[in-house]
Structures are given as structure tokens and as C-alpha cells.
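Engineer:
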Amino acid sequence: MFLKVRNISILLLFILLSSFSLFATHNRAGEITYTHVSELRYKVTVTTYTDPTSPADRPELEIDWGHNNKTDTIPRVLIVGIIPNLIQKNVYEMEHIFPGPFTYKISVTDPNRVASVVNMPGSVDIPFYLETELVITPFGGAPNNSPVLHNPPIDNGCVFVPFQHNPGAVDPDGDLLVYSLIDCRGYKGNVIQSFSYPAGFAIDQDGNLTWNVPVQQGFYNIAILIKEYRNGKFIGSVVRDMQIIIGNCSNFPPVISSLNNELCVEAGTFLQFNVTANDPEGDNVLLTAITGGIGNENNGNNPFMAPSSPAVFNASGIPAPSVTGQFLWQTECSHVKKQQYKATFKAEDIGSPNTMASYYTVKILVVGPKPKNLTVTPQATNMHIKWNKSECNNVVKYKVYRREGPSGWSPAYCETGVPSYTGFQLIATTTSFADTSFTDTNNGIGLIHGREYCYRVVAVFPDEAESYASDEVCNTLIKDVAIITHVSVDSTSTVNGRIYLDWSKPTEHNTILYPGPYKYLIYRAANNTGAAFALIDSTMSINDTIYTIDTLLNTVGTPYSYRVDFYSGFDLVGKSNYASSIYAGTSPGDEKLHIVWTENTPWINTYYVIYRRNQNMGWDSVGTSLTQNFTDSHLVNGLNYCYRVKSVGGYNSAGITYPLINYSQIACGIPYDNEPPCPPKLTVTSACEKFENILSWTNPNHYCADDVEKYNIYFLPARETDFRFVTSLSPASDTIFFHTNLSSAAGCYVVTALDSTGNESVFSDSSCVDNCPVYELPNVFSPGNNDGKNDLYVPFPYRYVEAINLKIYNRWGKLVFETTHPDINWDGTDKDSGNLCSSGVYYYVCTVYEERFNGITSRVLKGNIQIFCSK
Numbered sequence: 003m004f005l006k007v008r009n010i011s012i013l014l015l016f017i018l019l020s021s022f023s024l025f026a027t028h029n030r031a032g033e034i035t036y037t038h039v040s041e042l043r044y045k046v047t048v049t050t051y052t053d054p055t056s057p058a059d060r061p062e063l064e065i066d067w068g069h070n071n072k073t074d075t076i077p078r079v080l081i082v083g084i085i086p087n088l089i090q091k092n093v094y095e096m097e098h099i100f101p102g103p104f105t106y107k108i109s110v111t112d113p114n115r116v117a118s119v120v121n122m123p124g125s126v127d128i129p130f131y132l133e134t135e136l137v138i139t140p141f142g143g144a145p146n147n148s149p150v151l152h153n154p155p156i157d158n159g160c161v162f163v164p165f166q167h168n169p170g171a172v173d174p175d176g177d178l179l180v181y182s183l184i185d186c187r188g189y190k191g192n193v194i195q196s197f198s199y200p201a202g203f204a205i206d207q208d209g210n211l212t213w214n215v216p217v218q219q220g221f222y223n224i225a226i227l228i229k230e231y232r233n234g235k236f237i238g239s240v241v242r243d244m245q246i247i248i249g250n251c252s253n254f255p256p257v258i259s260s261l262n263n264e265l266c267v268e269a270g271t272f273l274q275f276n277v278t279a280n281d282p283e284g285d286n287v288l289l290t291a292i293t294g295g296i297g298n299e300n301n302g303n304n305p306f307m308a309p310s311s312p313a314v315f316n317a318s319g320i321p322a323p324s325v326t327g328q329f330l331w332q333t334e335c336s337h338v339k340k341q342q343y344k345a346t347f348k349a350e351d352i353g354s355p356n357t358m359a360s361y362y363t364v365k366i367l368v369v370g371p372k373p374k375n376l377t378v379t380p381q382a383t384n385m386h387i388k389w390n391k392s393e394c395n396n397v398v399k400y401k402v403y404r405r406e407g408p409s410g411w412s413p414a415y416c417e418t419g420v421p422s423y424t425g426f427q428l429i430a431t432t433t434s435f436a437d438t439s440f441t442d443t444n445n446g447i448g449l450i451h452g453r454e455y456c457y458r459v460v461a462v463f464p465d466e467a468e469s470y471a472s473d474e475v476c477n478t479l480i481k482d483v484a485i486i487t488h489v490s491v492d493s494t495s496t497v498n499g500r501i502y503l504d505w506s507k508p509t510e511h512n513t514i515l516y517p518g519p520y521k522y523l524i525y526r527a528a529n530n531t532g533a534a535f536a537l538i539d540s541t542m543s544i545n546d547t548i549y550t551i552d553t554l555l556n557t558v559g560t561p562y563s564y565r566v567d568f569y570s571g572f573d574l575v576g577k578s579n580y581a582s583s584i585y586a587g588t589s590p591g592d593e594k595l596h597i598v599w600t601e602n603t604p605w606i607n608t609y610y611v612i613y614r615r616n617q618n619m620g621w622d623s624v625g626t627s628l629t630q631n632f633t634d635s636h637l638v639n640g641l642n643y644c645y646r647v648k649s650v651g652g653y654n655s656a657g658i659t660y661p662l663i664n665y666s667q668i669a670c671g672i673p674y675d676n677e678p679p680c681p682p683k684l685t686v687t688s689a690c691e692k693f694e695n696i697l698s699w700t701n702p703n704h705y706c707a708d709d710v711e712k713y714n715i716y717f718l719p720a721r722e723t724d725f726r727f728v729t730s731l732s733p734a735s736d737t738i739f740f741h742t743n744l745s746s747a748a749g750c751y752v753v754t755a756l757d758s759t760g761n762e763s764v765f766s767d768s769s770c771v772d773n774c775p776v777y778e779l780p781n782v783f784s785p786g787n788n789d790g791k792n793d794l795y796v797p798f799p800y801r802y803v804e805a806i807n808l809k810i811y812n813r814w815g816k817l818v819f820e821t822t823h824p825d826i827n828w829d830g831t832d833k834d835s836g837n838l839c840s841s842g843v844y845y846y847v848c849t850v851y852e853e854r855f856n857g858i859t860s861r862v863l864k865g866n867i868q869i870f871c872s873k
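Quick note: the sequence shown uses the numbering used here, first residue 3, plus one each step.
1. Just checking, does the segment 561-571 make contact with the segment 637-650 on the three C-beta pairs under 8 angstroms criterion?
2. Whose CA, out of ASP173, CYS160, ILE246 and ALA204, lies closest to the CA of PRO154?
3. Just to confirm the assignment: which complete beta strand (DSSP E) runs, minimum length 3, are found wholly within the segment 194-256?
4. Which partner residues of GLY32 appear in the DSSP bridge assignment?
5. For CYS774 versus CYS848, is the C-beta distance shorter than 9 angstroms?
6. What does ASP573 pair with, by DSSP beta-bridge criteria?
7. What are the boundary residues of the beta strand (DSSP E) that includes TRP389?
8. Does TYR795 pass the burial test, meaning 16 or more other C-beta atoms within 10 Å, or should it be called exposed?
9. With a CB to CB cut of under 6 angstroms and the five nearest residues on each side skipped, what residues in its chain are close to VAL1?
10. Ignore the nearest five residues each way along the sequence and tell me which others in VAL462's own chain have a CB closer than 7 angstroms to its CB.
11. Closest to VAL267 by CA distance: which of ASN192, ARG187, TYR415 and ASN210 is it?
12. Between the Cα of GLN630 and those of GLU601, VAL460 and LEU515, spot the shortest distance and give me the residue it belongs to.
13. Going by CA-CA distance only, name the one from ASP66, GLN90, VAL150 and SER196 that's closest to SER125.
14. Of all the options SER259, GLN617, PHE329 and LYS339, which has the alpha carbon lying nearest to the alpha carbon of ALA269?
15. Which residues does DSSP list as the beta-bridge partners of GLU852?
16. Have a look at LYS190 and ASN262 and give me their C-alpha separation to the nearest angstrom.
17. Among ALA349, SER627, CYS750 and TYR51, whose alpha-carbon lies nearest the alpha-carbon of ALA279?
18. Quick one: Cα of LEU555 to Cα of ILE514, how far?
19. Look up THR729 in the DSSP assignment and give the residues it is bridged to.
20. Which of helix, strand or coil does DSSP assign to TYR181?
21. For ASP333, count neighbouring Cβ atoms within 10 angstroms of its own Cβ and tell me buried if that reaches 16, exposed if not.
22. Does DSSP classify LYS864 as helix, strand or coil?
23. With distances taken Cα to Cα, identify the nearest neighbour of MET358 among ASP465, HIS167, GLY446 and THR443.
24. Around the C-beta of TYR609, are 16 or more other C-beta atoms found within 10 angstroms, so that it is buried, or is it exposed?
25. Determine the closest residue to LEU537 out of ASN545, SER318, ILE544 and TYR522, with distance taken between C-alpha atoms.
26. Spatial neighbours of THR588 within its chain, please: C-beta separation below 6 angstroms, excluding the five flanking residues on both sides.
27. Would a C-beta distance cut-off of 9 angstroms place ILE869 and GLU804 closer than the cut-off?
28. List in chain order: all unbroken beta strand (DSSP E) runs of 3+ residues lying wholly within the segment 354-425.
29. Could you please give the first and the last residue of the uninterrupted beta strand (DSSP E) stretch that includes GLU454?
30. Report the start-end ranges of each beta strand (DSSP E) in the segment 754-812 that is 3 residues or longer and not cut off at the edges.
31. Roughly how many angstroms lie between the CA atoms of VAL734 and ASN618, to the nearest whole one?
32. Pick helix, strand or coil for SER125, following the three-state DSSP scheme.
33. Does the pairing of the segment 383-396 with the segment 437-452 give three or more beta-carbon distances under 8 angstroms?
34. Which whole-angstrom value describes the C-beta separation of ASP832 and PRO785, a residue pair presumed to lie in contact below a C-beta threshold of 8 angstroms?
35. Is the segment 410-425 in contact with the segment 529-546, if contact means three or more CB pairs nearer than 8 angstroms?
36. Would you kindly check if the distance between the Cβ of ARG115 and the Cβ of ILE128 is under 9 angstroms?
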């Protein structure tokens, strides 16, 4: 609702502040919005709220379209008086054709902003600026319309009473709106240096603006940025410049009783709930709905702006201290959207001279109904999935999901689609509403006999909103082929290995089409990938399902795969899925062996048992694993250890033996120390005045494997790129080293640890030190005395100096000596005349170039020299 004239304290404040400026004051608040007309044509609306008494009334505004310095004059099409002589609403409209895909910043700058804005000192001299961003994408998709703001950008409050406001933004395209507070802008969008937010301002992602609390009466302006996102991508924004009028009043807003603010309904459901507001001071309450398409700026009882079956909000037409409104909505399929609807309710105490308001937002998600009557029918090695058309004819496609075995999952409240945690995987997406079947061929390689496959289907709407998932339906392929159950290594040998092969016979084959006689053809491949199968034998009975005579194999060097083809006479009924033996291998570590294995089987192995051969040639279980690897630790380096792996698993369909147990070949290995020690932890301190560095480090034997025997020390001098080997140090308890006789102490060190077999650790963390240069000049000099004392001007003992640039001047500023050598060795003679300089005070400037870790650095010395000479 708009600001009420009955708010006496606010009205007096208006009159008082307006009297301070008669000419420059004008704009209070506003925003720019747009709607798509056709192709690249948009209608742009500029809405401003102004002081109608100002002579700066604008029947038209200059608008910048954000391209090619293009501007136009946009005419005013509507004037609405809000409060006589105080607030006027102005609406400007114009259509514009943009040149093509781009992001356009549409803006209006007006020189006249209202005076006396508390948080914008000098506001009367600051231009009023509005902008909006329009994104026209080159990648297609529906054109964008800006959000519509249903609550006016002028509101009022009282000092020391928490202030609330909501712009009532609705996006006609159902895009996600993201709110934030930004600084108000001035000329051409520049930051207003005098602008600031009073303490306590915040806005949430429902657009609820709060200020806790105003402490000074007056006009305040703020700016709300509303960004639009579609499928995660930014597609536009609107900036609202808003005015808040705080009066010296005492009134608390009505309280809207708490209710469920997150609702989820299935399309077709009738949604109904009550909203109740009470005024704590007994004032009459006006309860309206202002957002989500509910209501408009003149009448709070208008319905949603849905094209059909809109919602309505009915509140009591008689103001009272307690008012209840009823929200009613017969939802339908056209309401299904990915984003929530937001209905914000506003309660105002209209009986008070100082009108105050509170807000409450209810978010409503309308979800599509689940697809129904899902069926799954086996067809050879495929599954044919079929379902009814969705009850919603605005569905654009369906997603098909599959997993092995029942999930036991039922969608939770408002849980749409098929979440990944259920174990389902997306296997197909259809292309239309009427496309209600799919044949699962497992990407052309066929599904596996003996496994149970479960499916769910989800309907998808135009904005990618997903329905509830269908009921889960499971099935298995018809058992009309042999199903291999065992490929187990019975004997490990390079020339006489043996493999046990077994399968479950067909029980559901078509005996009319295939009456027999039946036989199996057995194929073998010397790999675990099922490539290059060769026929090795056949059996002549359907019940003959055990084949134990596959011998003379090299089970040490290779795995083997098998396939069993089922024949009726000369007719192939079907081929089994191939299955391989488990093939294990070992790799050594320090006092450990890593056992890894591979296999390809149509059944699912759920866990593995690892056996190690003992001294009595028997087998001990040393562990289990859920994955295809295991590490056997605490072994003795240099000894030979042998292992077998047992798999335990099976098929997840009835009629097949469970569990299935198979063994790998025997795999042996010898552990040895091939693992470097842990690196030491290094600390370096510099005694640079002695040209040495002191290194100390930790002994890894105290916190890691106890096998360190010595250390290697490496040094990286300053300005070099590679570490140099310095020395080795042993035993492991010797953890201090003095690096002496350095020409430069600057650099970095690392230390490595080495064990008895020569394994070297990675570098420790580097530790760096710098030089400590010293260079000082004396202030007294007595040349020409030939007494062998103080005859040359030289520096005090120095260190880590590469060069200097010394210039010495007499008292008239004449240069008498210069050098770049750090030793100087000046004998007191003038560089031009060669004569000995006379006694007196001389001045010097000396740039010293010092050797540092990061390179040569310079510093400047300035001082004077007192010369005493015999001249």
C-alpha cells in the first residue's frame, strides 16, 4: 500500500523538509523495467516518484539505451497523485529496437534529487540516477522480461521502531531473483561519495528489507539491486532507488502469525491456508498480499497473474485489530515451475496516525505429478520401458533412470527428480511429451542375464522443472541362455594350470521354437577382456553345466575368459555373458606387499578374502577387502610370500546359486625396502657476521619409519636456480650442521634423509636466510701527513657489499672525488687539479649496493667528512 496521508508526523516532516528547497528538489525514488515485445524490440518503462511542487517537473526524460551512445527522449504517459503536494508517481514508456545480442545498461540521469536526505549530505546537488541491465543472448532461449515491483519505493517508519519493507518483485518468466543492497548512484552512475547506509540495514533473498533501528527522523535513500538468473546464468537486473521517511513517532507494526513458509503442492491440488495479523496496540489492521502476482499497487485482493486458474487472497473488508485472510489456489499443470512462487503478505495498522507495516513471505513450489503405469519388459538382452503420458500436457520430455537391484527409496516431501544418492543413473532422455517408451540396450552392448534392473521415469517441463519420480519397477532378462557362475583357478602352473568352469542352465527358453536337442559350445580367450574367443569344447546335454577338464593352461602368466553358447540343434538360442578368472599380482614395499587383482564377471562380487600360504603349505586368511586391492604388512624383507584371492558375490535375481565363490591363481612376491624415509623438518639460523649458517633438523626415526642412516644437505645460493649438494652427515642422531666460510650467507637450504638401501626422501621444506650487510664511513680524514696513519680515506670493515657509488663535494658543491669501489682508498686529492684538498668540511652521498637474498639492493648514505691536512 502507498504512504497514507493520515500519518501526521510524516506529513509534517514532508512539509518541514520541503520548505528548505523550492527549486532544485524533485526526485524521491524510482526504477526502470522492461518487457519483450518482439524479436529485438522491447518496451521500457521508467517509473519515478517526485515532489509535485517542484518547478523541475519532467514531462519527458532523456534515456541512454546503452549502445553506440544512443539516447532518446522518453515521454511521460501517466501521472498519479499519491499525496497531494508531496508525492507524485510518473510513468514514462517507450519502445526501442536493440541492434543485436549484447548486455545493455539502460539508464536515466536527472539533475534534480530531493534535498535533505540524511544519509546523502548535499543530496539537492546530486543527480538522480536509475539503471537496469538487459541481456539479449545469442544462444537462443526465451527472451527476458524484467521483474515487476508491486510495492511502491516510498515507505515510512518511526524512530526506534524496527523498519520493514518488501519491493514485491515478481518475475513474469519465473526466473530466480537475487537481492542485495548497493550504494545509490549519481551522475552517469558514479558512486556518490557522501552516501552511506545507517547501521542495521539488511535484505534477505525473499526481498524482505529490515532496518534495526532508525534513530533519527528524516528522509533516507537506499538502492536495491535485483538480479535475475535463468538456469544459473545472469540474464538481467533492476536497480530500485527507494526513499524511506522516518518520523518522530511511536508505533509498532502489526504482527503476522507464524505459518509454514515453505509449501510444496502437486499440480492439480487445491491449496488453502489462512494468514492472520494482529496489532499489539489494538489499531485496526489492513491485510493485503503484494507479491507473487498477488495484488497490485491499488488493490490487495487481486489474484495471481497466472493465465488460468489464478490464486486469490481474501481478507476481511472490515478493518479490525485482528484480521484473517484466506489464500485459495486451484493449482494446475501450467503452474509447474522450477522456481518457487513467492507470496508476500503485508499488514498495516491503518487506525494509527503513524502507519506501520510488517511482511511475511510464503514460498510455494508447484510440482508436476509422477509418470504412471511404468512397465519393464525384457526383450532378448534389452529392456523395454513404457509409461503413460503425463497428466500435464505441457511436459516436454522424460528422463529415464536405471540402477541394479531395488533401491528402497521413496521420494521425500518436495523431493523431485531422482537424486544421485539413490544409486540411479540417467540413461536416456526422450524428446517429446508423447515419447513414452525407451528400449535400454546398455549403449548397444546389451544388459546382463541374472541381474535385476530397476527403473524410474521423471517428467520434465519447459523450464527444466522435474516432476516427482515414477514408482520403481524392476525386472530381469529371460533366462534363455547359460549364465556363468564359476571361473575359478584350481591349479596354478605355467604349463599345467587348471580352471573350474560352471554355469546355470537356461530355464525360460522357448521350447516350441527351440525343441532341442540341446548343446553348449564352450569358448575361451587368454585375457580378461573377452577378446579373441576360440572354441575349445562342447557338451551334449542341457544339464551338463560343469566343465572341469580345462587343463594345460598357463594360469601364472595370464587370466582366462569363457563364454558358453546355447544351441538347439544347429540353431543358436543365445550366448552367455563372458566371465573371466581373477588374476592377481603383487608389488613390493618396505616390509609389505601390495596385492591387486582384476576380473570381469557378469555377477557382482561384494567382497574378497585374501589368503597367504603358511610354512606348512596351508593357507591363512590375512584380511578382507571391498575393493580389488589389499596390503599385507609387517612382513620380513627378502622372504618370498604367496597369496590367493577368493571372491564372494553373485547375481541379484532368483534361481541362481548364491553366494558364488571363485579363486585367483597363486601370486607370489618378495618385499624389500623401496620406500624413501620421511623428510626431516629443517630450521636455519644465520650467524652472518661470521659468514656462516647453522642448520638443525628433526630425526625422522622419532616419528616415522626407523630406518634413517644419514642426511644429505643442499644449498641454493641467492640469485641461483638449482640446489647444490653440500655434504652428507651421519649417523641419524647427528642433526646439526654449521655451514662456514661463506662468501654470502643468503640462500635456502633443504635436507633429505637416506635409509640403509639408499632410498632418499623428498626435500624437506626449504628454509631461507638473508645477509646482514654492513657499510659505514668515517667522518675524519688527515691526508698528506705521510705518517702512515689515516693517509687514505677508507670505510670501516664491511661485509656483503658488491659496489658503491660515492661522490664527495666541497662546501661550494664542487665534486672533488668519486669512486665505485667499496674500499674507496681516496688520498685526499682533487680529481680535477690533482692537488691535495684543503682542510675543512666536505660532504658525501654514497649509494651502497648490498648482496641480499632477493638480489642486489641499494641504500643511500649521506654525511660529512672533516679533513685535516698539512697543506
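Quick reminder that beta carbons are idealized off the backbone N, C-alpha and C, glycines included.
Structural biologist: Put simply:
1. Between the segment 561-571 and the segment 637-650, the count of C-beta pairs closer than 8 angstroms stays below three; the two stretches do not touch.
2. Looking at the Cα atoms, ILE246 is the closest of the given residues.
3. List check, beta strand (DSSP E) in window: 203-205, 211-213, 220-232 and 235-249.
4. Checking the DSSP bridge columns, you'll see GLY32 partnered with THR50 and ASP243.
5. Not a contact, by the Cβ cut-off of 9 angstroms.
6. In DSSP, ASP573 forms a bridge with SER570.
7. Careful: TRP389 lies outside any beta strand (DSSP E) and carries neither H nor E.
8. With 16 or more other Cβ atoms within 10 Å, it is buried.
9. Beyond the ends of the chain as shown, which are 3 and 873, falls residue 1; an answer cannot be given.
10. VAL397, VAL398, LYS399, TYR400, LYS401 and GLU468.
11. The shortest C-alpha separation from VAL267 is found at TYR415.
12. The residue from GLU601, VAL460 and LEU515 with its alpha-carbon nearest to that of GLN630 is GLU601.
13. Just measuring C-alpha positions, the residue of ASP66, GLN90, VAL150 and SER196 sitting nearest SER125 is SER196.
14. Taking only the C-alpha atoms, the option nearest ALA269 is LYS339.
15. In DSSP, GLU852 forms a bridge with VAL803 and THR859.
16. Cα-Cα distance, rounded: 44 angstroms.
17. The residue among ALA349, SER627, CYS750 and TYR51 with its C-alpha nearest the C-alpha of ALA279 is ALA349.
18. Their Cα atoms are separated by approximately 40 angstroms.
19. ILE715, per the DSSP bridge assignment.
20. In this structure, TYR181 counts as strand in the three-state DSSP scheme.
21. The sequence given here has Thr at residue 333, not Asp. Answer is buried; the Cβ neighbour count reaches 16.
22. In this structure, LYS864 counts as strand in the three-state DSSP scheme.
23. Measuring from the Cα of MET358, the nearest candidate turns out to be HIS167.
24. Here TYR609 is exposed, its C-beta having fewer than 16 other C-beta atoms within 10 Å.
25. Out of ASN545, SER318, ILE544 and TYR522, TYR522 has the C-alpha closest to the C-alpha of LEU537.
26. Counting only Cβ-Cβ distances below 6 angstroms, and skipping sequence neighbours, we find LEU595, ILE597, ALA669 and GLY671.
27. For the 9 angstroms CB-CB criterion, ILE869 and GLU804 do not form a contact.
28. Within the segment 354-425, the complete beta strand (DSSP E) segments of 3 residues or longer fall at 359-369, 377-381, 384-388 and 399-406, listed in chain order.
29. Annotation for GLU454: the continuous beta strand (DSSP E) segment containing it runs 454-462.
30. Entirely contained in the segment 754-812, the beta strand (DSSP E) runs reaching 3 residues are, in chain order, 769-771 and 803-811.
31. For the sequence presented, residue 734 should be read as Ala rather than Val. Cα to Cα, the separation comes out at about 40 angstroms.
32. If DSSP states are grouped into helix, strand and coil, SER125 belongs with the helices.
33. Cβ pair count under 8 angstroms is three or more, so yes.
34. Incorrect: roughly 11 angstroms between the Cβ atoms, too far for contact.
35. No, the segment 410-425 is not in contact with the segment 529-546.
36. It is a contact, given that the beta carbons lie within the stated cut-off.
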